[in-house]
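In order, the protein sequences belong to chains A, B and C. Going by our numbering, the letters in the first sequence line up with residues 23 to 535, in that order. Going by our numbering, the letters in the second sequence line up with residues 307 to 621, in that order. Going by our numbering, the letters in the third sequence line up with residues 39 to 321, in that order. Idealized CB from N, CA, C, for every residue including glycine. This structure is a prediction, so every number in the text was calculated from the model and none was measured.
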Amino acid sequence: MKLRNWAKTTVLAGAMTAIAGFAFAGGTLRYATVGEPPSLDQHVVTSDLATTIAHHIFEGLYTFDSTNSPVPLLASGEIVSEDGKTIVIALRDDVTFHNGQAMTSADVVASLNRWGKYGSRGGLLFGNVESVEASGPYEVTIRLSSPFGPWKNIMAFINGGPAIYPASVVEGAGKEPIAPENYIGTGPYKFEEWQANRHVELIRYDDYASPSGDADGYGGARVADFDTLEFIPVPDVGTRVAGLKAGDYDYAESIPGDLYADLEADSSVTTILNGGPIFGLVFMNSKDGPLKENFALRRAIQTAINKTPALQVAIGPKNLWRANGSFLPNGNVWYSESGTENFSKGDAAAARAMAKEAGYNGEPIKFMVSTNYPFHYDTAIVYTKQLAQAGFNIDLQVYDWATLIEKRAQPDQWDLFFTHHGFVPDPILISVMNDNYPGWWTTAEKAALKVRFTESSDPAERQAIWSEIQGLIYEQVPTMKTGDVYSYNIASPKLQGLGEATLIWPSFWNVSK
Amino acid sequence: MFVYTFNRLLALIPTLLAASILVFLFIHLIPGDPASILLGDTATPEEIAELTRAMGLDKPLWTQYFIWLSNVVQGDLGTSVFFREPVLAVIASGAETSILLACMTMMWIIVLGIPIGILAATRHGTWADQLASGGAMLFASVPTFWLGLYLILIFAVGLGWFPSSGFPSITDEGGVFNLRYLMLPSLTLAAPNAALIIRLVRASMLDVAREDHVRTARAKGLHPARVAIKHIFRNALIAVAAAFGFTFAALVSEAVVTETVFSLPGIGRLVVQSILRRDYPVIQGVILIIVIFYMLINLLVDLAYARLDPRVSLS
Amino acid sequence: MSAITSFLAIFRGRRLATFGLIWLLIVVVAAVAAPLLAPFDPLDFDPMVRLSEPGWPYIFGTDHFGRDSLSRALFGARMAVLIGLGSVLVALSTGGLIGMLSAYSTRLGHVLMRLVDVLMAFPALLLALVLMALLERSVLNTIIVIGVVYATTTARILFGLTLKLKNEVFVDAATCSGAGHASILFRHILPNLISPLLVQASFIFAFSQLQAAALDFLGLGLPPEVPSWGNMLSEERIYITRAPWLLIFPGALIILSVFSMNLIGDAMRDSLDPRFKDDIAGV
Numbered sequence: 023m024k025l026r027n028w029a030k031t032t033v034l035a036g037a038m039t040a041i042a043g044f045a046f047a048g049g050t051l052r053y054a055t056v057g058e059p060p061s062l063d064q065h066v067v068t069s070d071l072a073t074t075i076a077h078h079i080f081e082g083l084y085t086f087d088s089t090n091s092p093v094p095l096l097a098s099g100e101i102v103s104e105d106g107k108t109i110v111i112a113l114r115d116d117v118t119f120h121n122g123q124a125m126t127s128a129d130v131v132a133s134l135n136r137w138g139k140y141g142s143r144g145g146l147l148f149g150n151v152e153s154v155e156a157s158g159p160y161e162v163t164i165r166l167s168s169p170f171g172p173w174k175n176i177m178a179f180i181n182g183g184p185a186i187y188p189a190s191v192v193e194g195a196g197k198e199p200i201a202p203e204n205y206i207g208t209g210p211y212k213f214e215e216w217q218a219n220r221h222v223e224l225i226r227y228d229d230y231a232s233p234s235g236d237a238d239g240y241g242g243a244r245v246a247d248f249d250t251l252e253f254i255p256v257p258d259v260g261t262r263v264a265g266l267k268a269g270d271y272d273y274a275e276s277i278p279g280d281l282y283a284d285l286e287a288d289s290s291v292t293t294i295l296n297g298g299p300i301f302g303l304v305f306m307n308s309k310d311g312p313l314k315e316n317f318a319l320r321r322a323i324q325t326a327i328n329k330t331p332a333l334q335v336a337i338g339p340k341n342l343w344r345a346n347g348s349f350l351p352n353g354n355v356w357y358s359e360s361g362t363e364n365f366s367k368g369d370a371a372a373a374r375a376m377a378k379e380a381g382y383n384g385e386p387i388k389f390m391v392s393t394n395y396p397f398h399y400d401t402a403i404v405y406t407k408q409l410a411q412a413g414f415n416i417d418l419q420v421y422d423w424a425t426l427i428e429k430r431a432q433p434d435q436w437d438l439f440f441t442h443h444g445f446v447p448d449p450i451l452i453s454v455m456n457d458n459y460p461g462w463w464t465t466a467e468k469a470a471l472k473v474r475f476t477e478s479s480d481p482a483e484r485q486a487i488w489s490e491i492q493g494l495i496y497e498q499v500p501t502m503k504t505g506d507v508y509s510y511n512i513a514s515p516k517l518q519g520l521g522e523a524t525l526i527w528p529s530f531w532n533v534s535k
Numbered sequence: 307m308f309v310y311t312f313n314r315l316l317a318l319i320p321t322l323l324a325a326s327i328l329v330f331l332f333i334h335l336i337p338g339d340p341a342s343i344l345l346g347d348t349a350t351p352e353e354i355a356e357l358t359r360a361m362g363l364d365k366p367l368w369t370q371y372f373i374w375l376s377n378v379v380q381g382d383l384g385t386s387v388f389f390r391e392p393v394l395a396v397i398a399s400g401a402e403t404s405i406l407l408a409c410m411t412m413m414w415i416i417v418l419g420i421p422i423g424i425l426a427a428t429r430h431g432t433w434a435d436q437l438a439s440g441g442a443m444l445f446a447s448v449p450t451f452w453l454g455l456y457l458i459l460i461f462a463v464g465l466g467w468f469p470s471s472g473f474p475s476i477t478d479e480g481g482v483f484n485l486r487y488l489m490l491p492s493l494t495l496a497a498p499n500a501a502l503i504i505r506l507v508r509a510s511m512l513d514v515a516r517e518d519h520v521r522t523a524r525a526k527g528l529h530p531a532r533v534a535i536k537h538i539f540r541n542a543l544i545a546v547a548a549a550f551g552f553t554f555a556a557l558v559s560e561a562v563v564t565e566t567v568f569s570l571p572g573i574g575r576l577v578v579q580s581i582l583r584r585d586y587p588v589i590q591g592v593i594l595i596i597v598i599f600y601m602l603i604n605l606l607v608d609l610a611y612a613r614l615d616p617r618v619s620l621s
Numbered sequence: 039m040s041a042i043t044s045f046l047a048i049f050r051g052r053r054l055a056t057f058g059l060i061w062l063l064i065v066v067v068a069a070v071a072a073p074l075l076a077p078f079d080p081l082d083f084d085p086m087v088r089l090s091e092p093g094w095p096y097i098f099g100t101d102h103f104g105r106d107s108l109s110r111a112l113f114g115a116r117m118a119v120l121i122g123l124g125s126v127l128v129a130l131s132t133g134g135l136i137g138m139l140s141a142y143s144t145r146l147g148h149v150l151m152r153l154v155d156v157l158m159a160f161p162a163l164l165l166a167l168v169l170m171a172l173l174e175r176s177v178l179n180t181i182i183v184i185g186v187v188y189a190t191t192t193a194r195i196l197f198g199l200t201l202k203l204k205n206e207v208f209v210d211a212a213t214c215s216g217a218g219h220a221s222i223l224f225r226h227i228l229p230n231l232i233s234p235l236l237v238q239a240s241f242i243f244a245f246s247q248l249q250a251a252a253l254d255f256l257g258l259g260l261p262p263e264v265p266s267w268g269n270m271l272s273e274e275r276i277y278i279t280r281a282p283w284l285l286i287f288p289g290a291l292i293i294l295s296v297f298s299m300n301l302i303g304d305a306m307r308d309s310l311d312p313r314f315k316d317d318i319a320g321v
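Now the structure itself:
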């Protein structure tokens with residue numbers, strides 16, 4: 023059976039290329055990924071790679087346009103009550119799931135509730151949610167205990183966000199990611215198969231109902247041009263680059279900065295910058311060890327470090343990084359210079375004096391870093407040297423990512439650890455805002471500001487409060503930002519419709535070959 | 307021979323049991339746990355503990371081992387933590403790549419190794435012999451990943467003759483033509499092993515030439531060419547048997563590196579990835595199957611030797 | 039003195055093996071004198087000179103940290119020798135002891151050789167991988183893991199060789215004259231095994247280099263901050279076209295050293311007692 027199948031396709035494909043030889047819609051997009059995602063379940067998984075694949079399958083009620091503002095996707099609009107406590111969301115009535123069922127308010131309520139209870143970012147919103155109810159076949163009402171400004175931003179952020187699944191799938195689903203056979207969404211592509219280490223394959227969903235309006239960011243019309251999207255794990259970055267140049271892949275992600283100049287000059291390759299920068303973060307332990315509650319010592323560490331050499335070593339070309347202390351980049355509405363004068367002092371003498379004053383006597387400071395991401399490791403090497411020059415006794419512990427994740431959950435195992443953070447459209451989504459995130463930053467000052475920040479729905483007021491929070495981060499130093507990194511991907515010049523830059527994750531609706 | 311084979315098979319069982327205990331112990335002692343990897347950055351300790359319990363990973367190690375063992379005896383290798391698929395299915399999808407890669411590698415080894423080895427032996431002491439022996443040893447001295455990187459650069463990126471990486475199944479679009487994806491990896495893997503075979507063929511042929519029964523055959527007036535051909539053939543077969551053993555050992559050993567360089571969805575990379583993901587059931591399952599396979603291949607090679615080489619007896 | 043002369047006699051008329059010996063001497067000198075020879079600190083970096091082409095003052099160029107490749111290569115020689123000698127030591131001492139004891143005492147042999155069988159059921163690199171994942175990445179652990187992997191083959195070989203010697207006349211003579219077990223093993227049998235052990239050692243040395251490089255490549259070998267040839271290749275492999283010298287130099291060093299050691303081992307094997315020749319596989 024299978025044998026006959028391939029024979030047929032081979033003959034057919036041969037005949038087609040012989041006769042045709044012209045470009046037409048369809049075909050396969052071959053995308054070289056950095057690896058395999060842990061799961062595509064958007065509620066619980068926050069891996070960027072998972073979202074890159076999954077946002078073709080699953081959709082939320084809202085998404086972002088090119089200015090990172092939330093716009094309706096499965097919703098058609100909403101009415102928020104005067105007191106900001108009741109949100110009535112109208113749903114589009116033309117949407118069907120990949121299993122053929124129509125999407126109704128029952129599916130939305132079930133999905134939101136599971137996400138609220140178990141989702142990675144669900145708690146942010148559901149801390150304030152009293153109830154979610156279907157108030158009509160295509161209408162959902164959310165009641166809040168207090169007004170919550172960033173609700174729409176959180177709902178529009180599909181990564182760890184409220185993707186809409188059929189009610190039958192989410193019923194009984196807990197914290198554990200749902201299984202691949204239940205990957206049923208409403209998106210322009212549907213899940214076909216996942217072959218371990220070989221590929222995740224999506225195929226076009228022919229009954230897709232697109233939102234109306236011109237395409238703008240992730241908003242507006244979505245057209246699936248490819249027959250198949252194939253996401254192929256190619257962990258070795260050299261192989262990703264070689265494979266794209268050789269024509270084996272149409273798109274390859276996460277390419278090292280040092281190759282940028284060569285690839286830019288290469289006519290067989292298109293480079294696509296990511297619009298939102300990622301940034302490294304060095305978390306400090308607020309629960310245990312010498313850094314616990316010793317903000318003065320943390321500030322000493324912060325003062326010792328000059329961020330620029332690390333960015334030069336880890337990233338390379340100047341146009342791919344900014345030594346920027348604001349948590350969101352310049353030009354973004356959340357940009358703030360509050361506290362950033364302390365971002366990158368690199369003053370070893372001052373740091374030494376500050377450390378002494380903070381009562382530091384050369385106790386070892388355990389700094390955990392993973393080799394899975396070369397940029398983490400390179401940066402940590404540079405920081406370790408700078409800290410040593412300022413008299414800190416740094417015990418650099420190099421692990422693989424899995425070990426680091428386990429160790430960082432144990433407060434007695436570490437003092438500093440390195441990770442990175444993807445671009446987020448609302449600062450509430452930054453990991454340090456989460457009290458449970460390793461590092462466990464839970465000071466009274468933070469808590470007070472956080473309440474004010476989430477209760478306000480006035481954009482200007484929220485920006486001002488965020489500025490205060492950022493200032494507090496530079497004062498209490500629960501984490502140190504390492505600077506903005508503009509990662510980039512490469513594509514075959516044959517791809518049409520990719521645009522200049524990627525908004526957050528690459529998307530392949532409205533793209534053709 | 308029958309009795310011998312049976313005894314050998316019987317002897318595999320305790321070895322296998324010991325090996326499985328060893329693997330189980332090793333794997334579970336590696337720090338890191340699948341639950342926290344699966345749940346990601348924002349999971350709370352309670353959530354991780356809950357999932358750990360749900361996966362049965364909170365039970366004492368011995369209990370876990372016996373549960374696993376009793377399932378294995380019933381043919382159930384468990385479910386992959388990462389893929390949420392039966393371990394057997396995950397392994398089966400990797401096995402296609404690994405077996406095809408091994409077969410192609412073996413083909414290169416035989417096609418390149420045996421003729422060059424015979425050539426070196428028949429031209430013993432000449433420049434051709436020195437070139438073959440020296441070249442073989444040089445190739446055996448090259449790190450496989452280094453060779454692989456340059457093969458990709460030259461033959462995939464530069465010349466565009468072969469695909470650089472990945473391997474679509476031969477049951478998918480492209481059919482058997484997809485085997486071209488294995489061209490560069492199989493050559494990479496063949497290089498050091500072909501060298502082994504060249505040297506093996508050369509040495510055994512030189513030995514045979516000195517041996518008594520050849521001299522006797524000649525003395526009996528048999529035609530020297532017939533003697534040579536017959537023994538060349540027999541030695542070539544011994545070499546093939548050895549190649550078989552070496553290659554299938556390499557299938558998981560050196561192939562780990564080759565599969566990583568060429569991003570092949572094979573068993574070797576599955577092991578490394580599963581270790582990194584702490585996907586215990588997959589690691590245990592794969593290693594169990596590899597070990598069985600490896601021991602069976604060793605047995606087969608021994609049997610083949612016994613059949614082909616009159617000097618070896620199976621007592 | 040005569041030992042050295044007879045060792046050197048092996049190389050008479052073997053130009054390639056002689057070349058191998060000379061190259062290895064160079065590596066050893068580099069390893070011993072690395073701090074004196076290295077123009078820069080192998081760990082010190084300077085982002086301003088990163089990815090410099092080979093030239094002056096960076097003869098082998100610099101890597102993406104701006105570290106001097108020549109200095110790293112010299113300290114890498116130190117690692118190569120350390121890993122080689124270390125794994126040989128571990129493999130020969132543990133494997134050799136197990137092999138000899140097992141052959142000498144049948145009862146002990148039954149237990150010990152079953153243990154070896156279990157370990158040999160794992161393909162070499164796989165065993166090393168699992169062990170390295172379990173242990174922390176360190177120089178010592180890398181040596182132990184590679185050593186253990188080759189200890190199994192060494193045990194098998196020594197088992198066979200000791201069995202052959204056990205029944206020879208001189209052993210009987212020693213037993214009759216009242217020599218103890220230890221004395222027979224170490225004063226009578228062991229001296230006869232020195233040359234096959236040396237041959238085996240040379241092959242283990244060669245293979246350990248490739249194994250260590252493979253582990254480094256997979257990120258499960260030496261700690262990344264240790265300058266070794268394998269780490270140099272592994273860390274800089276994305277620069278294969280951007281800065282080709284970063285792959286060519288360390289690659290060539292590994293190939294030359296493994297090749298040299300193989301040539302030496304081969305020459306030594308050819309001059310072995312014919313009784314032992316078949317037992318040592320080598321390349």
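Looking at the strands, I want to know which residues DSSP matches up with E252 of chain A. Paired residue(s): A:R52, A:E223.
Am I right that A547 of chain B and V507 of chain B are in contact with their C-beta atoms under 8 angstroms? What's the rounded C-beta distance? Rounded, the Cβ-Cβ distance is 12 angstroms, inconsistent with contact.
Residues bridged to G99 of chain A (per DSSP): A:A112
Do we get a CB-CB distance below 9 angstroms when we pair F46 of chain A with the residues of chain B? Caution is warranted here: a pLDDT of 49 is assigned to F46 of chain A, below 50, making its placement in the model unreliable, and the coordinate value is therefore given only provisionally. F46 of chain A does not count as touching chain B.
Just checking, does the stretch 190–199 of chain C make contact with the stretch 227–241 of chain C on the three C-beta pairs under 8 angstroms criterion? Using a Cβ-Cβ distance cut-off of 8 angstroms, the stretch 190–199 of chain C and the stretch 227–241 of chain C are in contact, since at least three pairs of beta carbons, one from each stretch, lie closer than that value.
Beta carbon of F305 of chain A, beta carbon of G461 of chain A: below 9 angstroms? yes
Residue interval of the alpha helix (DSSP H) (run including Q411 of chain A): 396–411
DSSP beta-bridge partners for N415 of chain A? A:P386
According to the Cβ coordinates, are T411 of chain B and V567 of chain B closer than 9 angstroms? no
Can you give the Cα-Cα distance for E58 of chain A and H221 of chain A, rounded to whole angstroms? Rounded to whole angstroms, E58 of chain A to H221 of chain A spans 9 angstroms at the Cα level.
Touch check for the stretch 422–436 of chain A and the stretch 322–341 of chain B: three-plus C-beta pairs under 8 angstroms? yes
List the DSSP bridge partners of P234 of chain C. Bridge partners of P234 of chain C: none, in fact.
T393 of chain A versus chain B: which residues are under 7 angstroms apart at the beta carbon? Going along chain B, no residue has its Cβ under 7 angstroms from T393 of chain A, so there is no contact; the nearest lies around 11 angstroms.
Measuring CA to CA, which of A:D437, A:I450, A:G519, A:G444 is closest to D310 of chain A? A:D437
Please classify G43 of chain A as buried or exposed, where buried requires at least 16 other C-beta atoms within 10 Å of its C-beta. Bear in mind that the predicted position of G43 of chain A carries a pLDDT of just 37, short of 50, making it unreliable; the figure below should be weighed with that in mind. Flag for G43 of chain A reads exposed.
Please report whether the beta-carbon of T321 of chain B lies at a distance below 9 angstroms from any beta-carbon of chain C. yes
Residue of A:G196, A:P278, A:G260, A:I176 minimising C-alpha distance to G338 of chain A: Cα-wise, what sits closest to G338 of chain A is A:P278.
Are there 16 or more other CB atoms within 10 angstroms of the CB of A54 of chain A, so buried, or fewer, so exposed? That one is buried.
So, helix, strand or coil for N90 of chain A, using DSSP? coil
Relative to the alpha-carbon of D115 of chain A, which residue among A:P159, A:S478, A:T292 has its alpha-carbon at the smallest distance? A:P159
Can a CB atom of chain B be found closer than 9 angstroms to the CB of R244 of chain A? no
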